[in-house]
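Top line first, the protein sequences correspond to chains L and D. So the first sequence is residues 1 to 123, counted in the numbering used here. So the second sequence is residues 1001 to 1729, counted in the numbering used here. Glycine included, every Cβ here is placed at the ideal spot set by N, Cα and C. These notes concern the structure reproduced below.
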Amino acid sequence: MSMTVLTVDDSRTMREMLRLALADAGFRVVQAEDGIHGLEVLQAEPEMPQVIVTDINMPRMDGFGFIEEVRGDQRYRAIPILVLTTESDAEKKNRARMAGATGWIVKPFNPVKLVDAIRRVAA
Amino acid sequence: MDPLAAIRETFFQECEEQLAELESGLLAMEGGDQDPETINAVFRAVHSIKGGAGAFSLEALIRFAHVFETALDEMRSGRLAPSNDVLKSMLRAADVLADLVRAAHAGDEAEHPGAATLAEELRTMSGAAGAEDESEEDWGDFEFQPMAVAVEGAEAPAAAPAGFKVAFKPRADLYAKANEAALLLRELTRLGHAEVELDAHDVPPLNEIDPEAAYLSWTVTLTGDADETSIREVFEFVDGDCELEVTPLGGSAESEGGEPAFDLSSLLARVQGDAPAEAAPEAPVEAFEPVAPPPPAPVVAPVVAAAPPPAAPPAAANETAAEGQAAGGPRKTEAGATIRVDLDRVDRLIDLVGELVINQAVLAQRVMEAGLARASAVAMGLDELEQLTREIQDSVMAIRAQPVKSVFQRMPRLVREVAAMTGKPVRLVTEGEGTEVDKTVIERLADPLTHMIRNAIDHGLENPEKRAAAGKPAEGVVKLSAAHRSGRIVIEVSDDGGGINRERVKGIAIEKGLISAEATLSDEEIDNLIFMPGFSTAAEVSDISGRGVGMDVVRRSIQALGGRITISSRPGKGSTFTMSLPLTLAVLDGMVVSVNNQTLVAPITAIVETLQPKAEDVHSLGGHARVISIRGGFVPLIDVGMALGYRNEPLPATQGVALLIEGEGGARAALLCDAIQGQRQVVIKSLEANYRQVPGVAAATILGDGRVALILDIDTIVTVSRGDMRKAG
């Protein structure tokens, strides 16, 4: 059974990089372009993703808002969320954690470590 | 293509979009836009470019984007005011960033001449002169960075006993963030041989269990090669959400509680017998897991079977999900419903639709010839087919349509550069950027527009002193606008400069032998002289627009697109160039005429009027050259049949019809044909692809009766005939 990962990133490049890395590892990948789109995809997706990987800086709804929404929803709150961001500074990371992020990955990511991190948080 | 190479291309494509976004955002801010979303978008653009550049290790790009981003972040957080000067620097930084992106795309590693200075400027702006070292560090290494935690007993000698005792007590927060103790323990067991003890002491009686609380803690004795750093790394994500103690074996920290602590695997053996070892640690945790995981928990152990269902049991969760989905029905994923399609495929489709249109027309004609009644089922079905075909054609054309924004967006930078070179302050105003037109038209618009905008600044606008003398603001305005008008796109480039100096234009035209000294010309005709080949008004050949190409080149490229360009100028107020272009290059509105039993098509756009020549209006100039008098003015009468070699003797003017057309330089001519068949939309078929270029013929088309008709290249015919006429005269 392959695991479904939802990636939320406004950059097409990043989405494609993620897809490549995750598909190589045998994950099924669904994509969204920002937080709002991410919520829409969650709702429309027949197979609930086991892990969410999200960017922070996005239009319409950023990563913090998205995490809060997911954590605030009974249906999704148990899904581990990894924040994917170039901000290695503690403040952004802490804000993401406060919002409910499960973990983080620093961009640019090493595909092996990305997959590793996903396996670490995924049931 | 190698998938990574494909993503790299995507990255550069996306960079262009981000750069456009960046520039338009900065320009909007310069124009007074204070919407926080604008600066956010600007920030995000640079941020995204940096992110992607990082993925491809494009060092120069990363470094510059980082400095730029820092400055933008200062602005975003309100610490740096978006003054005009700051925004001007940012715009220049955007230009440099664009150069760096293109250099990176081309694999060009040469230093950018302006990057260092501008980076310094940005650093000064963000007051981050000292932040440089930190930034280098930021981008040095992108490994997972364990949070630096000062650990007592961190002096744990490398030669210490091979093992650690890990005491781990999750807090409720840990679970709330969807971390799982079981997974952490599993991770830990991978580092070496682990003996896990569970402390379930704090678990209250069942009826008092709070599903959101955390009651369990574990002590793991880990033996093997694992060092403390790798152990702490396991708990990286939950730092702060748990109590964690890592002590070398044989150290002091003893697990105080340790009385009923039982061995995890033995518990599991009791609980589950045959569960795979891999899932072992999950059993007890899942049972007490405060939040129900989305997939049905596989191991609801018999031991805890009496436990009340967790807050949201899987079934309930599914129900909620289903409800939510029903309720949220209309909120489906319509966002971003776009696909990227290879242009070749679209072109192939357009070609096929072209064939379809022709076929349909052929069929219609055949049916008509068969003498079927208009109301017959076949004829009516055919009517419907015609309508459908037209709709398909429109829809397919719409696929190729793009907003002119992509070409308009290149202009602000050009304006800045030309303004800097000429020392004239200029403001560019754009309008109607969303107006759509065929992609090919857009691509071929870039050059003429560039040229016209250069001209508008270089020749159109006066220098600041002159402007001041004329009572105008020092800053000149160049306006670029686009709009749809009666099935065509109209693009205007206007300036608020001095307008065309007609005396000078006329002088130059006479001097260059373009017109005779005695010629009396209307203001409009004088203005249009600037489109004549070889005309250049720049008294001193300037660096900017005096590059040997004049407005005639612009005019020719517009005409090659099936368009026309005109100028209107008011002395002291400025000039406006108006271009009118077809929305697509695939079809053309044509006037179908016959010449010596041949069927030809003249583009309607070139035709001013049609007329029946009267004998008294036609005058011979000797040889075959004739002129026709139209409302008091004389225009050359060109026999199309002669011009194309269909006949050797000219057609008596009174036996034909004349199409009054407007050609190069605004000059008019009358094309003499045998008869007019009608007006029709025709699908353009390239002649060159199938045959070769023929002077006087622009392309071909297939008519309803299946015959091939040539589309006239009006300008060539006029130019060639005028040459003949000069010889004759």
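For R1008/D, the enclosing alpha helix (DSSP H) stretches over residues 1003-1030. In the DSSP assignment, F1168/D is bridged to W1218/D, L1244/D. DSSP places V1046/D in the helix class (H, G or I) of the three-state scheme.
Inside the region 1599-1679 of chain D, DSSP marks whole alpha helix (DSSP H) runs of 4 or more residues at positions 1640-1643, from first to last along the chain. Pairing V1683/D with A1615/D gives a Cβ-Cβ distance that is not under 8 angstroms. Listed in chain order, the non-local C-beta contacts of I36/L below 6 angstroms within the same chain comprise R60, M61, local neighbours out to five positions each way being set aside.
Sixteen is the threshold: since fewer than 16 other Cβ atoms of the shown chains lie within 10 Å of the Cβ of K1466/D, the residue is exposed. Taking all protein chains in view, the Cβ of G38/L is crowded by 16 or more other Cβ atoms within 10 Å, so the residue is classified as buried. Contacts with chain L at 8 angstroms (Cβ-Cβ) do not include G1107/D.
With a cut-off of 8 angstroms on Cβ pairs, the region 1583-1597 of chain D is in contact with the region 1428-1443 of chain D, counting three or more such pairs. By the neighbour-count criterion, in which 16 or more other beta carbons inside 10 Å mark a residue as buried, P1603/D falls on the buried side.
The closest CA to that of L1611/D, considering only A1669/D, G1434/D, S1089/D, G1572/D, is found on A1669/D. The C-alpha of L1022/D is placed about 10 angstroms away from the C-alpha of E1016/D. According to the DSSP assignment, D1552/D belongs to the alpha helix (DSSP H) that extends over 1551-1560.
Boundaries of the beta strand (DSSP E) harbouring M1591/D: 1587-1595, taken from the DSSP string.
When Cβ-Cβ separations below 8 angstroms define contact, T1430/D makes no contact with chain L. For the pair I1062/D and K1050/D, the Cα-to-Cα distance works out to about 5 angstroms. Cβ-Cβ separation between L1026/D and L1091/D: approximately 5 angstroms, consistent with a contact (criterion under 8 angstroms).
A residue is called buried when at least 16 other Cβ atoms come within 10 angstroms of its Cβ; N1179/D meets this threshold and is buried.
With a beta-carbon spacing of about 5 angstroms, I1358/D and I1702/D fall inside the 8 angstroms limit used to define contacts. Between V30/L and T54/L, the CB-CB gap reaches or exceeds 8 angstroms. Proximity of the region 1234-1253 of chain D to the region 99-109 of chain L meets the contact definition, three or more beta-carbon pairs being nearer than 8 angstroms. T1338/D and V1426/D have their C-alpha atoms spaced approximately 37 angstroms apart. Ranked by Cα distance from T1223/D, the options P1248/D, R1345/D, R1564/D are led by P1248/D. Unbroken alpha helix (DSSP H) runs of no fewer than 4 residues, entirely contained in the region 1426-1484 of chain D, are found at 1439-1455, 1464-1469, following chain order. For P1582/D, the enclosing beta strand (DSSP E) covers residues 1574-1582. The C-beta of A1065/D has 16 or more other C-beta atoms within 10 Å across all chains shown, which makes the residue buried. Check the Cα spacing between I81/L and each of R95/L, R28/L, I52/L, T7/L: the tightest is with I52/L. For the C-beta of S11/L, the chain D residues within less than 7 angstroms are, from N- to C-terminus, E1014, S1048, G1051, G1052. For R1488/D, the pairing in a beta bridge is given by DSSP as R1485/D, P1582/D.
Along the region 32-62 of chain L, the beta strand (DSSP E) occurs as fully enclosed runs of 3 or more residues at 51-54, listed in sequence order.
Between the C-alpha atoms of A1446/D and E1511/D there is a straight-line separation of about 32 angstroms.
At the C-beta level, D34/L and D10/L come within 8 angstroms of one another. Rounded to whole angstroms, the gap between the alpha carbons of T1430/D and V1404/D is 11 angstroms.
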